[in-house]
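Encoded as structure tokens, the structure appears first; notes follow it.
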Amino acid sequence: MSEKEVSFTDMANAIRALSMDAVEAANIGHPGMPMGMADVATVLYSDFLKYDPADPAWPDRDRFVLSAGHGSMLIYSLLYLTGYESPTLEDIKNFRQLGSPCAGHPENFLIDGVECTTGPLGQGLAMGVGMAIAERHLNAKFGNEVIDHKTWVLAGDGCLMEGINHEAIGLAGHLKLGHLNVLWDDNNVTIDGKVGLSSSEDVLARYQATGWHTTSCDGHDPADIKRALAEAAADPRPSIVACKTVIGKGAPNKQGTSGIHGSPLGADEIAAARVELNWPHEPFVIPEEIVSAWRKLGAHGAETRRAWEDRLAQSGEKDALVAQLASIDDKAAPALQEHIRALAAEPPKVASRKASEMALGPLTEKIEQLIGGSADLTGSNNTKTKATTPLTAEDYAGRYVYYGIREFGMAAAMNGMFLHGGVVPYGGTFLIFSDYARNAIRLSALQQAGVVYVLTHDSIGLGEDGPTHQPVEQVMSLRLIPNLNVFRPADAIETAECWALALQTPGTPSVLALSRQNLPPVRGEGDAEWTPESNRSAKGAYRLKGAEAARKVVLIATGSEVSVALDTAKALEEQGIGADVVSAPCLDLFGAQDAAYQDELLPADALIVSVEAGVTQGWERFTGRNGLNIGLDRFGASAPAATLFEHFGFSADKIVPQIINKLNA
Ligand SMILES: Cc1ncc(C[n+]2csc(CCOP(=O)(O)OP(=O)(O)O)c2C)c(N)n1
Ligand SMILES: [Mg+2]
1 MSEKEVSFTD MANAIRALSM DAVEAANIGH PGMPMGMADV ATVLYSDFLK
51 YDPADPAWPD RDRFVLSAGH GSMLIYSLLY LTGYESPTLE DIKNFRQLGS
101 PCAGHPENFL IDGVECTTGP LGQGLAMGVG MAIAERHLNA KFGNEVIDHK
151 TWVLAGDGCL MEGINHEAIG LAGHLKLGHL NVLWDDNNVT IDGKVGLSSS
201 EDVLARYQAT GWHTTSCDGH DPADIKRALA EAAADPRPSI VACKTVIGKG
251 APNKQGTSGI HGSPLGADEI AAARVELNWP HEPFVIPEEI VSAWRKLGAH
301 GAETRRAWED RLAQSGEKDA LVAQLASIDD KAAPALQEHI RALAAEPPKV
351 ASRKASEMAL GPLTEKIEQL IGGSADLTGS NNTKTKATTP LTAEDYAGRY
401 VYYGIREFGM AAAMNGMFLH GGVVPYGGTF LIFSDYARNA IRLSALQQAG
451 VVYVLTHDSI GLGEDGPTHQ PVEQVMSLRL IPNLNVFRPA DAIETAECWA
501 LALQTPGTPS VLALSRQNLP PVRGEGDAEW TPESNRSAKG AYRLKGAEAA
551 RKVVLIATGS EVSVALDTAK ALEEQGIGAD VVSAPCLDLF GAQDAAYQDE
601 LLPADALIVS VEAGVTQGWE RFTGRNGLNI GLDRFGASAP AATLFEHFGF
651 SADKIVPQII NKLNA
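With the numbering used here, letter number 78 in the sequence shown gets 78, and the count goes up by one each step, no holes.
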């Protein structure tokens, strides 16, 4: 067979065969989506997507996001067939097995060609929105010659049904993200059965209502797919293409049913599919001429990339682009040095949300990659600075995104922006609403996306808004997420130190839990000569005050309760009881220190007392079985902050007797 004889159908069937065989070998997985979307994907990778398998990190590549992440075999097949180094055929044979990069769902940190981690439905599309924002921003800075690419998202019925879809497409439509194209696998089937079981929505009308261009195609007719994708690519609005497909296309008895969504076909149906598809080859055997036709397609991208490299060289922007794409991890702390030294000279009594704004001033002025934003709480989160002018449909060069009341959409968009590269997003909302965004925060951590969440109004200290708005369990529960640093700084200097740390860890996202109420300064002494190396918050906790009398007690506290701990220590010392105070702005970092450091701060011969205006569960890790945990294991109440702190026992008066009781017990 010569290359010419390889048909479109052969190429698409290679995806189908790999997908059904890999799922069969693993005895678990989702063959329906890859088999149904094989034709659309083949058109996309043949005629539209800009990619170069030899350079998966090429900055001006199109981004392809498989939002319907359960169909992961689609992307593994495409990457293998087009000639990416990873995955190999061997990896595909080990689909879903330990050590294979072909995990159950696509993971960006396992395979270079996977742009983001998907599986939680709806978030891939929402991350695509973030990627499209980042692309327009860099385009506005560097021009069409340097940055001009599209984001293609493959989404299923589930991605469109999820609530986050509403947030994501509203933002994309508003920002007129014309380089964003969604290919909807419109197969009318989900796990429970036909879509009609649970939905009668006119999806395209909804997209139209939010400013999108919509079109449809027969998802198994290459010419019609090509027509629709060309329309989408050309339209200045974000586009959705409803690709009418048959789930599991090619499996004669199971196609079109939910039965093929997420189960191996089984030996009989696999055999029948081989007949139906006219694919007589053994499992995992792709005839050489078909592989080579795919590889030839993949190789086209190299020319496009080389042409881009020439344009970049001629543009005179090369150094600037390299600088824009570089990690900012070494820039944050130096950018804050003068600021912190000035604070040390005259430590202010400000809310940590205000202190965050003060730190963001020099940070955003000196670090162009930072793009701020808030979910409609700009004036409360204090996230906007002079340097961050609004990023709008009219001015993508701006650096502040008005995300609207879309916490989940914002968090997912920030992930997409970070993973796109060239920008480092931070975004604000109330800490209490981190629960709305939680799965995207979790995905930041899993995907190693170093975004920063500015979460203000961090306790009962917010006062009169009452228990609906007062975080009690949020700080501790965010600490449970692996690879997420949760900072709760005590004053202005600690807040700046925590900002430095948050931006120093590009592979780890951060939460800054910040107060609404003013906080008395606890730092300043010894900070006049502050340097990045002297960041006292870097180990997560440090001794803020040593005992004067013989040490019997160590108080460990965070955020607004550090000053309460200092008051308590003072009252104890007045009674001859020596007490250290440990400020612990980040328990995640402290918990990662060696035992010697932890023991030095929290010695076994002292009573360890934690003070934090939130749930006490979890503090035992640091206070031990015989420690004392001062916290709030109930919801708050509506009242002024000072009243609440007194009422719920966060004062030296209330804490000292408990400590003395414990010491005497
Ligand atoms: C947020 C979220 N909820 C539920 C699931 C479990 N789940 C995976 S696929 C799926 C059905 C999706 O239907 P559709 O997008 O139409 O995919 P298709 O069956 O067409 O492949 C569900 C409920 C998930 N992955 N993410
Ligand atoms: Mg479906």
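Here a beta-carbon is modelled for each residue, glycine too, at the ideal position from N, C-alpha and C.
How long is the line joining the alpha carbons of residue i and residue j, rounded to whole angstroms?
i, j, result
"M1", "P287", "Any reading at M1 needs caution, since the residue's pLDDT is 42, under 50, leaving its predicted position unreliable; the model's value is listed next. So the alpha carbons of these two residues sit roughly 10 Å apart."
"Y76", "K50", "17 Å"
"A103", "A547", "52 Å"
"K654", "G461", "17 Å"
"R543", "A57", "44 Å"
"A449", "A496", "21 Å"
"T304", "V472", "53 Å"
"L602", "W184", "55 Å"
"G266", "T9", "23 Å"
"R311", "A320", "14 Å"
"K249", "H220", "9 Å"
"D112", "V129", "20 Å"
"G407", "G262", "In the sequence under discussion, the amino acid at residue 407 is Glu, which differs from the Gly named in the question. Approximately 31 Å between the Cα atoms of the pair."
"E394", "G173", "13 Å"
"V656", "G578", "12 Å"
"L175", "G409", "14 Å"
"E5", "A12", "14 Å"
"D330", "S356", "19 Å"
Should residue i be listed as close to ligand 1, given that the test is whether its C-beta is under 7 Å from any heavy atom?
i, result
"N165", "no"
"G71", "yes"
"A68", "yes"
"C159", "yes"
"P120", "yes"
"T190", "yes"
"E497", "no"
Skipping 5 residues on each side, what residues in its chain have a beta carbon closer than 6 Å to that of residue i?
i, result
"L229", "F48"
"M73", "S19, A22 and P34"
"S610", "I556, W619, T623 and N629"
"D491", "L519, P521, V522 and R523"
"D202", "none"
"S239", "N181, H213 and A232"
Mapping DSSP to helix, strand and coil, what is residue i?
i, result
"R96", "coil"
"C116", "coil"
"A342", "helix"
"R399", "coil"
"S444", "helix"
"H647", "helix"
"H70", "helix"
"K552", "strand"
"P87", "coil"
"K226", "helix"
"S459", "coil"
"S199", "coil"
Taking 7 Å as the limit between beta carbons, can you name the residues of its chain near residue i, skipping five residues before and five after?
i, result
"S199", "M161"
"T389", "G398, R399 and Y400"
Smallest Cα separation from residue i: which of the options?
i, options, result
"S459", "G450, L519, Q504 and G416", "L519"
"A302", "Q474, E525, D55 and D148", "D55"
"L89", "S46, V291 and F8", "V291"
"A26", "P59, L98 and A14", "L98"
"Y215", "N181, G193 and G173", "Checking the displayed sequence, the identity of residue 215 turns out to be Thr instead of Tyr. Measuring from the Cα of T215, the nearest candidate turns out to be N181."
"H457", "G298, L377, V189 and G124", "L377"
"D580", "K570, A345 and D218", "K570"
"N139", "P252, V203 and L177", "L177"
"N381", "S515, A12, G124 and N94", "S515"
"E612", "D605, R488, E494 and G119", "R488"
"G298", "L587, I28, L44 and D605", "L44"
Is any heavy atom of ligand 2 found at a distance shorter than 7 Å from the C-beta of residue i?
i, result
"G156", "yes"
"I247", "yes"
"N439", "no"
"N27", "no"
"D221", "no"
"D588", "no"
"D21", "no"
Identify, in the order they occur along the chain, each residue of the same chain with its Cβ nearer than 8 Å to the Cβ of residue i, setting aside the five sequence neighbours on each side.
i, result
"R362", "Arg is not the amino acid found at residue 362; the sequence shown has Pro there. Answer for P362: A335, L336, E338 and H339, listed in chain order."
"D567", "S651 and A652"
"P467", "F635, G636, A637 and S638"
"N253", "E269 and A272"
Between residue i and chain C, is any beta-carbon pair separated by less than 8 Å?
i, result
"L455", "Given the protein chain composition of this structure (a single chain), no chain C is represented."
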